[in-house]
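Asker: Note that the UniProt record's numbering has the sequence shown beginning at 1, numbered continuously upward. Pasting in a structure now, in structure tokens, and then I'll have a few things to ask.
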Amino acid sequence: MKEYKIKYRKSTYQGVIYWTYRSDEEFKNLLRIMHRQLMEKFRIPKGASLSVFSKQVDASHGKIIAELDGMKFKQYLVVGVSTIYLNINDFIKFNSDSQKIFKESGVYGKYGVTDIGTLQYTVDNVKNSISFGKDICPTIISKASKYWYRTAYYQAFSNGNKRTGLLAAMVFLYLNFYIFDSRDVDIESDLYKKVSMNIANKKMSEYDVYAFIWNNVKYDIDRSTENFIMRGK
Numbered sequence: 001m002k003e004y005k006i007k008y009r010k011s012t013y014q015g016v017i018y019w020t021y022r023s024d025e026e027f028k029n030l031l032r033i034m035h036r037q038l039m040e041k042f043r044i045p046k047g048a049s050l051s052v053f054s055k056q057v058d059a060s061h062g063k064i065i066a067e068l069d070g071m072k073f074k075q076y077l078v079v080g081v082s083t084i085y086l087n088i089n090d091f092i093k094f095n096s097d098s099q100k101i102f103k104e105s106g107v108y109g110k111y112g113v114t115d116i117g118t119l120q121y122t123v124d125n126v127k128n129s130i131s132f133g134k135d136i137c138p139t140i141i142s143k144a145s146k147y148w149y150r151t152a153y154y155q156a157f158s159n160g161n162k163r164t165g166l167l168a169a170m171v172f173l174y175l176n177f178y179i180f181d182s183r184d185v186d187i188e189s190d191l192y193k194k195v196s197m198n199i200a201n202k203k204m205s206e207y208d209v210y211a212f213i214w215n216n217v218k219y220d221i222d223r224s225t226e227n228f229i230m231r232g233k
């Protein structure tokens, strides 16, 4: 997490955070994740009082403020942007790519969708997640966990479903400025063997996948800030 000097409306911000899915639950997640990252980044003692909260700046911008023992510590500009979703073609490409990236015992060389209806339902269910007035995937992490769980569990491809689900979740998180902490998480042993295989073997629920992502994910504030600078707005 670098230190930036972003100027907006006569205030200086140490970075820019994209609110990539505009729900209250997603914003609460951002606040909690930023609290966790700041505690870790600056090695703040657990006995210290770190408060992370938000305020509105104008009609299209907000800010996340961090106060340490009652004093302003950091502040980040918040900008709402559109969620980047996955489509069926993305999944088909992930299925082909994942079988080359992640090795697995079994049958190789079999590619393609065997159940297009299941795959279409997964894609639609994540993107159009409001049903009867309730959002069943109200956060980026819950959407990623549904991509991962449904793909690994329901097996819409002839082969490589577990790897495809993993890759889909990783790419979706990345596109929306979340990443796994590479210091604590190994793709092969943690993401594939501990999660994807356990999904397929009915040892993990969708909520378990959500909890795993939540415990191991970070918001990539450096990348969102650099993107904001590059866009010039």
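Glycine included, C-beta positions come from ideal geometry on N, C-alpha and C. No experiment lies behind these values; they were computed from the predicted model shown.
Going by C-alpha to C-alpha distance, which of Phe172, Asp186, Val79 and Ala144 sits closest to glutamine 56?
Answerer: Position 56 of the sequence shown, counted from the start, is the residue given in the question as residue 56. Checking every option, the nearest Cα to that of glutamine 56 belongs to Val79.
Asker: Under three-state DSSP, which class holds leucine 119?
Answerer: On the sequence shown, residue 119 is found 119 positions in, with the first residue counted as 1. Correct three-state label for leucine 119: helix.
Asker: Quick one: measure Cβ to Cβ for isoleucine 65 and isoleucine 141, integer angstroms, because I've assumed they're closer than 8 Å.
Answerer: What you label residue 65 is simply residue 65 of the sequence shown in a count that begins at 1. What you label residue 141 is simply residue 141 of the sequence shown in a count that begins at 1. Going by Cβ atoms, the distance from isoleucine 65 to isoleucine 141 rounds to 23 Å, so no, they are not a contact pair.
Asker: Leaving out the 5 sequence neighbours to the left and right, which residues in its chain are closer than 7 Å to asparagine 176 when beta-carbon positions are compared?
Answerer: Your numbering for residue 176 matches position 176 in the sequence shown. Result list for asparagine 176: Thr20, Thr83, Ile84 and Ile140, in chain order.
Asker: With burial defined as no fewer than 16 other Cβ atoms inside 10 Å of the residue's Cβ, what is the status of glutamate 3: buried or exposed?
Answerer: What you label residue 3 is simply residue 3 of the sequence shown in a count that begins at 1. Exposed, since its Cβ has fewer than 16 Cβ neighbours within 10 Å.
Asker: By a C-beta neighbour count over all protein chains shown, 10 Å radius and 16 as the cutoff for buried, is threonine 122 buried or exposed?
Answerer: The residue you call residue 122 lines up with position 122 of the sequence shown. The residue is buried, with at least 16 neighbouring Cβ atoms inside 10 Å.
Asker: What residue from Leu50, Met34, Lys100 and Ala156 has the CA that sits closest to alanine 77's CA?
Answerer: Position 77 of the sequence shown, counted from the start, is the residue given in the question as residue 77. Here residue 77 is leucine; the residue named in the question, alanine, does not match the sequence. Checked all of Leu50, Met34, Lys100 and Ala156; the closest Cα to leucine 77 is Met34.
Asker: Between which two residues does the beta strand (DSSP E) holding alanine 211 run?
Answerer: For the purposes of this step, residue 211 is identified with residue 211 of the sequence shown, where counting begins at 1. Where alanine 211 is concerned, there is no enclosing beta strand (DSSP E), although the alpha helix (DSSP H) it sits in stretches over 206 to 216.
Asker: If I measure Cβ to Cβ from glycine 106 and keep anything under 8 Å in the same chain, skipping five residues before and after, which residues do I get?
Answerer: Start at 1 with the first residue of the sequence shown, and residue 106 comes out as number 106. Interpretation of glycine 106 is limited by its pLDDT of 49, a score under 50 that renders its predicted location unreliable; no figure is taken from the coordinates.
Asker: Classify isoleucine 17 as buried or exposed, calling it buried when 16 or more other Cβ atoms lie within 10 Å of its own Cβ.
Answerer: Taking the first residue of the sequence shown as position 1, residue 17 is located at position 17. Buried.
Asker: For the beta strand (DSSP E) containing glutamate 67, name the first residue and the last one.
Answerer: Your numbering for residue 67 matches position 67 in the sequence shown. Here the beta strand (DSSP E) through glutamate 67 covers 61 to 68.
Asker: By the three-class DSSP mapping on this structure, what secondary structure does glycine 80 have?
Answerer: Residue mapping note: residue 80 aligns to position 80 of the sequence shown, counting from 1. Looking at glycine 80 - three-state DSSP - the assignment turns out to be strand.
Asker: Thinking just about the alpha-carbon of each residue, which of Ile229, Lys7, Tyr219 and Glu40 is nearest to the one in asparagine 29?
Answerer: For the purposes of this step, residue 29 is taken as the residue at position 29 of the sequence shown. It is Tyr219 whose Cα lies nearest to the Cα of asparagine 29.
Asker: Alpha carbon to alpha carbon, how far is lysine 93 from tyrosine 108? Give it in angstroms, no decimals.
Answerer: The residue labelled residue 108 in the question sits at position 108 within the sequence shown. The residue labelled residue 93 in the question sits at position 93 within the sequence shown. Annotation note: pLDDT 46 at tyrosine 108 (below 50); position unreliable, no value reported.
Asker: Considering just the uninterrupted stretch of the alpha helix (DSSP H) at lysine 162, what are its terminal residues?
Answerer: By 1-based counting over the sequence shown, the position of residue 162 is 162. Its alpha helix (DSSP H) spans residues 161 to 175.
Asker: Taking the continuous alpha helix (DSSP H) assigned at tyrosine 153, which residues delimit it?
Answerer: Sequence index remark: in the sequence shown, residue 153 carries index 153 (1-based). Residues 140 to 154.
Asker: Restricting to Cα atoms, I'd like to know which of Leu167, Ile88, Met204 and Leu166 is closest to methionine 113.
Answerer: For the purposes of this step, residue 113 is identified with residue 113 of the sequence shown, where counting begins at 1. Correcting the residue type first, residue 113 is valine in the shown sequence and not methionine. Residue Ile88 is the option with its Cα nearest to valine 113.
Asker: Excluding sequence positions up to five away, which residues of its chain have a Cβ less than 6 Å from the Cβ of phenylalanine 228?
Answerer: For this step, residue 228 is matched to residue 228 along the sequence shown. Contacts found: Val16.
Asker: Could you check what DSSP says for tyrosine 21 in three-state terms: helix, strand or coil?
Answerer: Within the sequence shown, numbered from 1, the residue matching residue 21 stands at position 21. DSSP places tyrosine 21 in coil when its eight states are reduced to three.
Asker: Thinking C-beta only, is threonine 225 closer than 8 Å to isoleucine 6?
Answerer: Here residue 6 refers to the residue found at position 6 when the sequence shown is read from its first residue. Here residue 225 refers to the residue found at position 225 when the sequence shown is read from its first residue. Yes, the pair counts as a contact, with Cβ atoms nearer than the cut-off.
Asker: Identify whether isoleucine 130 lies in helix, strand or coil by the three-state DSSP scheme.
Answerer: Here residue 130 corresponds to residue number 130 of the sequence shown, with the count starting at 1. DSSP places isoleucine 130 in strand when its eight states are reduced to three.
Asker: Output the boundary residues of the alpha helix (DSSP H) element that contains threonine 114.
Answerer: For the purposes of this step, residue 114 is taken as the residue at position 114 of the sequence shown. No alpha helix (DSSP H) holds threonine 114; DSSP gives it neither H nor E.
Asker: Taking just the CA atoms, how far does alanine 48 sit from aspartate 69?
Answerer: To locate residue 69, count along the sequence shown from 1; it is residue 69. To locate residue 48, count along the sequence shown from 1; it is residue 48. Approximately 7 Å, taken between the alpha carbons.
Asker: Which of the three DSSP states is assigned to methionine 39 in this structure?
Answerer: For this step, residue 39 is matched to residue 39 along the sequence shown. Three-state result, methionine 39: helix.
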